[in-house]
Amino acid sequence: MRNIVILISGSGSNMAAIMRAAQHEDWPVTLRARIAGVICNRADAGGLALAQQAGLATAVVDHAGFPSREAFDAALGRQIAQFDGGAAIPALVVLAGFMRILGPGFVAAHAGRLLNIHPSLLPAFPGLHTHQRAIDAGCRFAGATVHEVTAELDHGPILGQAVMPVLPGDSAERLAARVLTQEHLLYPQVLKAFLRRPIG
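Counting in our numbering, the final residue of the sequence shown is number 238, and the numbers go up one at a time with none missing.
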């Protein structure tokens, strides 16, 4: 059984989309994978309540309580390992609206099993404010990207993308809302494909 540990910082809408897919498609049977736990860096995040209502194990690792990024990353790694329970196959770590930059040591320790979703068509517009930047640049299309996480921010190998048009008069908020609906479809699809890969 492959364990999945989801990291969130906010409302957890992408996490919820993954939870729904895992339940409706019976991932423990069809993919030999299960969501082992959800970790959040903010105790007041709405996504924690969603995960708890679904019966998932949750934990808070508050970045504000650590003197350095390295100390936070180390605590995060320990919590992931606790949820993984010493499984023979290390957990797949899924960033779903996790708003902390992870250090190179953490990324290296989880290389090849650390995924993220980003609200742009990478390699365009890494970082923040992606929708406004796309509008300001006159882009005709926007979207979302699921990629492997590497030490360079939002530059890992691309695993899947969803594309949608930028409409005349779009605001960043309207574009973000439409892109988010596609994120909820894209992330579970890419995760399923990733879980079907041979492990080696």
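Every residue, glycine too, gets a C-beta built ideally from N, C-alpha and C.
Cutoff 8 Å: residue i Cβ touching any chain C Cβ
{"i": "Ser-47", "result": "Protein chains in the displayed structure number just one, and chain C is not present."}
Identity of the residue in the options nearest residue i by Cα
{"i": "Arg-291", "options": "Gly-50, Ala-126 and Gln-61", "result": "No information on residue 291 is available, as it lies outside the stretch 39 to 238 that the chain covers here."}
{"i": "Leu-271", "options": "Arg-107, Ala-113 and Phe-121", "result": "Only positions 39 to 238 of the chain appear in this structure, which leaves residue 271 out of reach."}
{"i": "Arg-178", "options": "Gln-91, Gln-170 and Val-184", "result": "Gln-170"}
{"i": "Leu-197", "options": "Val-184, Leu-205 and Pro-203", "result": "Val-184"}
{"i": "Ala-182", "options": "Gly-176, Thr-219, Ala-210 and Gln-90", "result": "Thr-219"}
{"i": "Arg-138", "options": "Ala-231, Tyr-225 and Asp-192", "result": "Asp-192"}
{"i": "Ile-56", "options": "Ala-113, His-101, Ile-42 and Gly-84", "result": "Ile-42"}
{"i": "Ala-147", "options": "Pro-157, Ala-129, Pro-164 and His-156", "result": "Ala-129"}
{"i": "Phe-273", "options": "Phe-144, Thr-96, Val-131 and Gly-123", "result": "Examination of residue 273 is not possible in this model, given that the chain is present from 39 through 238 alone."}
DSSP bridge partner residues for residue i (one or two, in chain order)
{"i": "Glu-186", "result": "Leu-153"}
{"i": "Val-132", "result": "Ile-44 and Leu-153"}
{"i": "Val-98", "result": "Cys-78"}
{"i": "Gly-181", "result": "Val-201"}
{"i": "Ile-73", "result": "Ile-42"}
Residue range of the unbroken beta strand (DSSP E) whose run includes residue i
{"i": "Leu-197", "result": "196-203"}
Length of the line joining the Cα atoms of residue i and residue j
{"i": "Leu-229", "j": "Met-39", "result": "15 Å"}
{"i": "Val-201", "j": "Arg-234", "result": "24 Å"}
{"i": "Pro-105", "j": "Ile-46", "result": "21 Å"}
{"i": "His-77", "j": "Leu-159", "result": "Correcting the residue identity first, residue 77 is Ile in this sequence and not His. If I take the Cα positions, the gap works out to 27 Å."}
{"i": "Gln-199", "j": "His-222", "result": "12 Å"}
{"i": "Asp-64", "j": "Ala-126", "result": "21 Å"}
{"i": "Val-187", "j": "Pro-195", "result": "8 Å"}
{"i": "Phe-136", "j": "Pro-203", "result": "26 Å"}
{"i": "Gly-165", "j": "Arg-107", "result": "18 Å"}
{"i": "Asp-82", "j": "Asp-100", "result": "10 Å"}
{"i": "Arg-72", "j": "Pro-66", "result": "5 Å"}
{"i": "Ile-173", "j": "Asp-208", "result": "8 Å"}
{"i": "Ala-134", "j": "Gly-48", "result": "9 Å"}
{"i": "Pro-142", "j": "Thr-96", "result": "25 Å"}
{"i": "His-156", "j": "Tyr-225", "result": "10 Å"}
{"i": "Gly-103", "j": "Ala-87", "result": "21 Å"}
{"i": "Ala-175", "j": "Ala-162", "result": "11 Å"}
{"i": "Arg-111", "j": "Pro-206", "result": "Note that residue 111 corresponds to Asp in the displayed sequence, not to Arg. Rounded to whole angstroms, Asp-111 to Pro-206 spans 42 Å at the Cα level."}
Extent of the continuous alpha helix (DSSP H) to which residue i belongs
{"i": "Val-228", "result": "210-233"}
{"i": "Leu-88", "result": "84-91"}
{"i": "Gly-115", "result": "107-122"}
{"i": "Val-67", "result": "65-68"}
{"i": "Met-39", "result": "That residue, Met-39, is in no alpha helix (DSSP H); it is neither H nor E in DSSP."}
{"i": "Arg-58", "result": "51-62"}
{"i": "Phe-163", "result": "First-last for Phe-163: undefined, no H or E at that position."}
{"i": "Phe-104", "result": "Per DSSP, Phe-104 belongs to no alpha helix (DSSP H) and is neither H nor E."}
{"i": "Gly-143", "result": "142-147"}
Validate contact between the segment 211-225 and the segment 111-128 using beta carbons, cut 8 Å, 3 pairs: No, because fewer than three Cβ pairs between the segment 211-225 and the segment 111-128 fall closer than 8 Å, the two stretches do not touch.
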